[in-house]
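What follows is a short report on a single structure.
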């Protein structure tokens, strides 16, 4: 009847305020405000029970291994105890049975002991009774939790080493640098978190997964970070003829291209022609999901992606194991510093001699003019002394090979001075099962050497560190650096801003003292 | 004293009967039980007339009256009109009203001095009410309802209105009617007061669903506890003797 003040002003009429009166409840005589039933709430509640017909007990299945709850018929969902999602799940399980009787206003958990296998929730339900009066009442439902192993956990219990899909990652080169780098990438992106087992294999790694989709995800990840080709096969394990269910073991055989960074390659004539007559001698500067090839004498860069490479695969001529140390005797820059393919280079003529043999002095062109000074040491490929046995090279008639191709600056002397000092970062390793080396004792030393070289590589090249997490080394004492500041400028090291704090070492637990 | 009864198993007593200080109209039921309750209360004091109005049994809702007169809708048949005129005392003026709203009992609530009517009642009807019933007429609504005859009941002693009536409305009505008013229910929470009960100055009849609380409210507001029919009649006789002198 009463209009609100704004309406009053517009119509110009005056409406007096209306105070609701009180009546006596018709059953018990207590004073109350009038309602459609004209009975006080207590009398209404004693007369009508709106929770009649609602379930008071229900059953829910719980898998103790993976702490997930069953949503029939066969879907298992993971929830924490006393979480909002669990509340929604339980209410939804009841919903069908009482949605036609009452409406639900509010739901919350009641306290139960965690080991009692009972979950109690308190719901507020609402229904219309009598002549339109709406009654709201709390209602308690108790869920009995039955333990039942879900299908995947029971399979795991029966055979813990059971795998459904395996990815065999292989690269047919004598060194393991690629796998060390891949391992860091995998750790950073968490691509192998679903792997059941990881095992070392000759020339590669094996990853085992519990489902085919996990394996496919991993293969896609590797495909995006390295130029690979793969094939897939499956083997029948069991077969249920009545429901036509076939269980397979899937294997993915993934082969990474043998071309690595700092390799010297002699391109086959067809590939060289397709890349625009790129000089047959090229070096590989970067490998991600495509291979970047650069001609060191003309600073021309070409890209080969995985399909292009694998349609016409070629092997490197010389790889980084065969690098030889040279001493720079004289350097004469020829052109300015240019940026090609994301890195800076400068063409220069240098006079070099091998550290082992100062009698032979070579004059060669190099792309590292911006890095090298007289008296420096550099690592390069010794084509003068090498005996290349490459079928592709023979196809070129009249090919003149340079005496040496310099690859990178050498920091060996500086490192030798620093030997024994710790680095300011450390890396995490993947948890692999290493096969027993048996009689091959040299294998361990070789692996350690490779690991050291890999770490040195990381220090020298910032673009390699881009996709890797380097963790702060808590044991590192920077005070020692103060004594040899001169050294610090020569050796490349990782700046502190790039380091990530290692959170796994921290012991974050529930404090006993919650003040 | 308030009595609880039923008309053919229905608790809406005010629909099937009309009680005033001078006469009582009841509907014709299948058994005589309804009529006999009224007879046992009122025999000898006022006439109890069994009738129908417009061929219907809902006599309480079709007519409006007090001790001075009785108004019947235009649908009343001539035989019914004659029968009622014969049975009622001569002082009571029986009049048929030409009115679009023919359920006069729902549209008009009155005692011997004041009447509340439906806001849309005709002007002529209003004048007729003032004339025949000898009352002052007010157009009103009760808790937003226009059927004042259904949602309130009042006698010369007190009145009962719809439970949702606000306090300001209650005060206003009380000033108009000059009797104490209370908001309450009848027949276990029913808001249609006049349909559930009928009352005069010394007695009331309610549906059998009426709870003890409601009954006590009715008895207190209409002041039925100390009322005896003889006391009222003596008062009337005393005033009559005064005039003679």
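Residue numbers (UniProt numbering), protein chains in the order written: chain E, 1 to 515; chain W, 1 to 245. Beta carbons are placed, not taken as given, at the ideal position from N, Cα and C, and that holds for glycine. Since this is a predicted model, take the numbers as computed values, not measurements.
Pop quiz: residue 229 of chain E and residue 255 of chain E are said to be a contact at Cβ under 8 Å. What is the actual Cβ separation, rounded to whole angstroms?
6 Å
Span separating the alpha-carbon of residue 353 of chain E from that of residue 328 of chain E
7 Å
Skipping 5 residues on each side, what residues in its chain have a beta carbon closer than 6 Å to that of residue 408 of chain E?
Excluding residues within five positions, the ones whose Cβ falls inside 6 Å are 379.
Per DSSP, what are the beta-bridge partners of residue 354 of chain E in this structure?
E/326 and E/357
Beta-bridge partners of residue 76 of chain E, as assigned by DSSP:
E/70
Compare the C-beta of residue 167 of chain W against all C-beta atoms of chain E and say whether one is closer than 8 Å.
yes
Would you list, in sequence order, the uninterrupted beta strand (DSSP E) runs of no fewer than 3 residues that lie entirely inside the region 219-243 of chain E?
228-240
Could you list which residues in chain W have their beta carbon closer than 7 Å to that of residue 21 of chain E, in chain order?
Neighbourhood of residue 21 of chain E in chain W, by CB distance below 7 Å: 165, 166, 167, 170 and 183, in chain order.
Cβ atoms of residue 172 of chain E and residue 313 of chain E: under 8 Å apart, would you say?
Between residue 313 of chain E and residue 172 of chain E, the C-beta spacing is not below 8 Å.
Using 10 angstroms around the beta-carbon of residue 397 of chain E, count the other beta-carbons present and answer buried if the total reaches 16, otherwise exposed.
Here residue 397 of chain E is exposed: its Cβ has fewer than 16 other Cβ atoms, across all protein chains shown, within 10 Å.
Would you please state the rounded distance, in angstroms, between the beta carbons of residue 290 of chain E and residue 227 of chain E? I believe it to be under 8 Å.
6 Å
State the DSSP-derived secondary structure class of residue 19 of chain W, mapped to helix, strand or coil.
strand
Using 8 Å as the limit for Cβ to Cβ distance, is residue 37 of chain E near chain W?
Closer than 8 Å to the CB of residue 37 of chain E there is at least one CB belonging to chain W.
Using C-beta distances below 6 Å, list every residue in its chain close to residue 500 of chain E, excluding the 5 sequence neighbours before and after it, in chain order.
469 and 471
Can you tell me where the beta strand (DSSP E) with residue 136 of chain E in it begins and where it stops?
Taken as a continuous stretch (DSSP letters only), the beta strand (DSSP E) holding residue 136 of chain E covers 133-147.
Counting only runs of 3+ residues fully inside the region 177-220 of chain W, write out the beta strand (DSSP E) ranges in chain order.
Runs of the beta strand (DSSP E) lying entirely within the region 177-220 of chain W, each at least 3 residues long, are 181-183, 197-199 and 204-207 in chain order.
Any C-beta of chain W sitting closer than 8 Å to the C-beta of residue 66 of chain E?
no
Anything in the region 202-226 of chain W with a Cβ closer than 7 Å to a Cβ of chain E? List those residues in chain order, please.
211, 213, 214 and 217
Between residue 141 of chain W and residue 133 of chain W, what straight-line distance do the alpha-carbon atoms span, to the nearest angstrom?
The alpha-carbon atoms of residue 141 of chain W and residue 133 of chain W are separated by roughly 21 Å.
C-alpha distance - residue 208 of chain W paired with residue 116 of chain E, whole-angstrom precision:
54 Å
What's the call for residue 8 of chain W, buried or exposed, on a 16-neighbour Cβ count within 10 Å?
exposed
Quick check on residue 404 of chain E: buried or exposed, where buried means 16 or more other Cβ atoms within 10 Å of its Cβ?
So residue 404 of chain E counts as buried.
What residue range does the beta strand (DSSP E) around residue 110 of chain W cover?
108-110
Spatial neighbours of residue 390 of chain E within its chain, please: C-beta separation below 7 Å, excluding the five flanking residues on both sides.
266 and 317
Secondary structure of residue 439 of chain E, DSSP reduced to three states:
Note on residue 439 of chain E: pLDDT 46, under 50, position unreliable in the model; no value is reported.
Quick one: does residue 6 of chain W have its CB under 8 Å from some CB of chain E?
no
Could you tell me which uninterrupted alpha helix (DSSP H) segments, each at least 4 residues in length, are contained entirely in the region 164-222 of chain E, listed from first to last along the chain?
177-189
Cβ-based burial, residue 356 of chain E [other Cβ within 10 Å; buried from 16]:
exposed
What is the DSSP secondary structure of residue 164 of chain W, reduced to helix, strand or coil?
coil
Answer with yes or no whether the minimum CB distance from residue 29 of chain E to chain W is below 8 Å.
Answer yes: the Cβ-Cβ gap between residue 29 of chain E and chain W drops below 8 Å somewhere.
In the DSSP assignment, find the unbroken beta strand (DSSP E) run with residue 303 of chain E in it and report its ends.
For residue 303 of chain E, the enclosing beta strand (DSSP E) covers residues 300-305.
Compare the C-beta of residue 188 of chain W with all C-beta atoms of chain E and state if any pair is closer than 8 Å.
yes
Could you name the residues of chain E that residue 12 of chain W contacts, counting a contact when the two beta carbons are closer than 8 Å?
Result: empty, since nearest Cβ-Cβ is about 15 Å, beyond 8 Å.
Sequence-distant residues of the same chain with beta carbon closer than 6 Å to residue 85 of chain W, five excluded per side
The answer, listed in chain order, is 94.
is_contact[residue 302 of chain W, chain E] using C-beta, thresh 8 Å
Only positions 1 to 245 of chain W appear in the structure, and residue 302 of chain W is not among them; the question remains open.
If I follow the unbroken alpha helix (DSSP H) through residue 133 of chain W, where does it start and stop?
Counting along the chain, the alpha helix (DSSP H) containing residue 133 of chain W begins and ends at 123-133.
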